[in-house]
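Below is one structure; the comments refer to it alone.
2 protein chains.
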Amino acid sequence: MTDIHPVDGARLAQLCRAIYDKLREEIYLAAAQEGFVDLRPSHSNVLRHLDAAGSRIVDLAVRADMTKQSMAYLTDALAKLDYVEIRPDPTDGRAKLVVLTPRGHDAIAALTRLSLAAEARIATHLGQAKLDAVRDGLAEIRAALEEPRQ
Amino acid sequence: MTDIHPVDGARLAQLCRAIYDKLREEIYLAAAQEGFVDLRPSHSNVLRHLDAAGSRIVDLAVRADMTKQSMAYLTDALAKLDYVEIRPDPTDGRAKLVVLTPRGHDAIAALTRLSLAAEARIATHLGQAKLDAVRDGLAEIRAALEEPRQ
DNA sequence: GTTTATAGACAGAGAGACTGTCTTATGCAA
DNA sequence: TTGCATAAGACAGTCTCTCTGTCTATAAAC
Numbered sequence: 244m245t246d247i248h249p250v251d252g253a254r255l256a257q258l259c260r261a262i263y264d265k266l267r268e269e270i271y272l273a274a275a276q277e278g279f280v281d282l283r284p285s286h287s288n289v290l291r292h293l294d295a296a297g298s299r300i301v302d303l304a305v306r307a308d309m310t311k312q313s314m315a316y317l318t319d320a321l322a323k324l325d326y327v328e329i330r331p332d333p334t335d336g337r338a339k340l341v342v343l344t345p346r347g348h349d350a351i352a353a354l355t356r357l358s359l360a361a362e363a364r365i366a367t368h369l370g371q372a373k374l375d376a377v378r379d380g381l382a383e384i385r386a387a388l389e390e391p392r393q
Numbered sequence: 244m245t246d247i248h249p250v251d252g253a254r255l256a257q258l259c260r261a262i263y264d265k266l267r268e269e270i271y272l273a274a275a276q277e278g279f280v281d282l283r284p285s286h287s288n289v290l291r292h293l294d295a296a297g298s299r300i301v302d303l304a305v306r307a308d309m310t311k312q313s314m315a316y317l318t319d320a321l322a323k324l325d326y327v328e329i330r331p332d333p334t335d336g337r338a339k340l341v342v343l344t345p346r347g348h349d350a351i352a353a354l355t356r357l358s359l360a361a362e363a364r365i366a367t368h369l370g371q372a373k374l375d376a377v378r379d380g381l382a383e384i385r386a387a388l389e390e391p392r393q
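Keeping their order, the protein sequence lines are chains A and B. Residue numbers for the first sequence follow the numbering used here, so the first one is 244 and each next one is one higher. Residue numbers for the second sequence follow the numbering used here, so the first one is 244 and each next one is one higher.
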């Protein structure tokens, strides 16, 4: 009988998925142990895109490539958890600004630190140079995928 | 004001996530255009792990790292869409075997072909050697992440 | 000043994961 | 052989996160 999965396991998409899943699990588990028990991976869709001065929901939605309704759901959840504050935009009566609370700043700092720690652990296996090379290659791949297909 | 995101954008996890999301979108969009309109990314959690001779739900669940209830939901959905057939296991009255239908075989073949095509497109940007090096590095990283943390 | 565009809110739906419980079948041991 | 622990899966319910569609209020443009 022929093999069902001729080239599986070595596919770029599967590798990226597996690595992302592992890192996400590791980072959010560690964050929970530091006290951020209510922080969920989906929340990083907000935190990653916040400006220091605060951002509008619609801008966050565009950056995260999701609908403004979905982004509103996430920002509302983060507001209830005291990671962000939502206040009216003084320059536009329709808009609101999502701004980080001190706890939100702490969360971003922790997530950043834990991400770096995870990479440092990987570097002990591969060596820093190789890890850097992979990361540079991934950045190139991401850029290549941004381009429209002909 | 200090920068909120000191090292963002170059993080391994974010790169893997972005690339996986793009590839997944691209591959499943192309698959839909080939007639697999009802195939969803979550279904690959089943298809990726199926044995040629058929697999039990509980085994698929372990391989996909999810509960058997969740896996049963997915295999049931795939059965309704005629990608798999669920039949009793002749060797164990409690168990059922999930086996691919011809349409399921076609779907796996298409997904495999489209994945390779996406990587070939990337190779035109990076060169095959660089892409291979990145893939090898990712495989090493995945292996490193499998090891328990000390 | 009227029309159009924009920001967000509200309601509802659906996918995909989870936990908990239950039934049935297997297999081993008393 | 009976009786119990184990295992496979089914059933019910919940939760998170995303979507579409519609609506209000404000801003901007003509």
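Heads up, the beta-carbon is just placed ideally off N, CA and C, and yes, glycines get one too.
TODO: Report the rounded CA-to-CA distance for Val342/B versus Pro333/B, giving the unit in angstroms.
DONE: 13 Å
Open item on the list: Can you give me the C-alpha to C-alpha distance between Val301/A and Gln312/A, rounded to a whole angstrom?
Closed with: 9 Å
Open item on the list: Quick check on the DSSP output: what are the complete alpha helix (DSSP H) runs of length 4 or more inside the segment 266-344 of chain B, in order along the chain?
Closed with: 287-290, 300-307 and 311-323
Open item on the list: Using the three-state DSSP reduction, which class does His348/B fall into: helix, strand or coil?
Closed with: helix
Task: Cβ-based burial, Thr367/A [other Cβ within 10 Å; buried from 16] - done: exposed
Task: Neighbourhood of Leu381/A by C-beta distance below 7 Å, restricted to the same chain and skipping five residues each side - done: none
- [ ] Grab the span of the alpha helix (DSSP H) containing Arg378/B for me, first residue to last.
- [x] Gln371 to Glu389
Open item on the list: Just verifying my parser: in three-state terms, what is the DSSP assignment at Met244/A?
Closed with: Caution is warranted here: a pLDDT of 47 is assigned to Met244/A, below 50, making its placement in the model unreliable, and no coordinate value can be reported.
TODO: Check whether the Cβ atoms of Tyr413/B and Ala296/B lie closer than 8 Å to each other.
DONE: Nothing can be reported for residue 413/B, as the shown portion of chain B is limited to 244 through 393.
Open item on the list: Quick check on DSSP: helix, strand or coil for Arg254/B?
Closed with: coil
TODO: Quick one: residues in its chain with C-beta nearer than 6 Å to the C-beta of Arg330/B, no 5 flanking neighbours on either side, listed in chain order?
DONE: Leu340
Task: Within chain B, the residues that Ser298/A reaches when beta carbons sit closer than 8 Å - done: Those do not exist, as Ser298/A stays about 10 Å from chain B at its closest Cβ, beyond 8 Å.
TODO: Under the assumption that Ser298/A contacts His292/A (Cβ atoms under 8 Å), give the Cβ distance between them as a whole number of angstroms.
DONE: 7 Å
Open item on the list: Contact criterion: CB-CB distance below 8 Å. Does Ser285/A meet it with respect to chain B?
Closed with: no
TODO: Count the other C-beta atoms from every protein chain shown that fall within 10 angstroms of the C-beta of Ala275/B, then say buried if there are 16 or more, exposed otherwise.
DONE: exposed
Open item on the list: Does the CB of Ser358/B have a neighbour CB from chain A at under 8 Å?
Closed with: yes
- [ ] Say whether the segment 344-359 of chain B touches the segment 345-363 of chain A, bearing in mind that this needs 3 or more beta-carbon pairs closer than 8 Å, one atom from each stretch.
- [x] no
Open item on the list: Can you give me the C-alpha to C-alpha distance between Asp294/B and Arg378/B, rounded to a whole angstrom?
Closed with: 25 Å
Task: Span separating the alpha-carbon of Arg254/A from that of Leu317/B - done: 22 Å
Open item on the list: Taking 8 Å as the limit between beta carbons, can you name the residues of its chain near Leu266/B, skipping five residues before and five after?
Closed with: Ser358 and Ala361
Open item on the list: Assuming contact is defined by CB atoms lying nearer than 8 Å, are Phe279/A and Ala352/A in contact in what I supplied?
Closed with: no
Open item on the list: I want to see whether chain B comes within less than 8 Å of Met244/A, judged by CB atoms only; does it?
Closed with: Bear in mind that the predicted position of Met244/A carries a pLDDT of just 47, short of 50, making it too unreliable to give a figure here.
Task: Leu272/A burial status per 10 Å Cβ neighbour count (16 or more: buried) - done: exposed
TODO: Report the neighbours of Glu362/B on chain A: residues whose CB is nearer than 7 Å to its CB, in chain order.
DONE: Leu255
Task: Asn288/B and Ala261/B closer than 8 Å at C-beta - done: no
TODO: Please look up how many angstroms separate the CB atoms of Leu324/B and Met314/B, rounded, as I've assumed it's under 8 Å.
DONE: Their Cβ separation, rounded to whole angstroms, is 16 Å, which puts Leu324/B and Met314/B out of contact at 8 Å.
Task: Pair within 8 Å by beta-carbon distance, Ala256/A and Leu369/B - done: no
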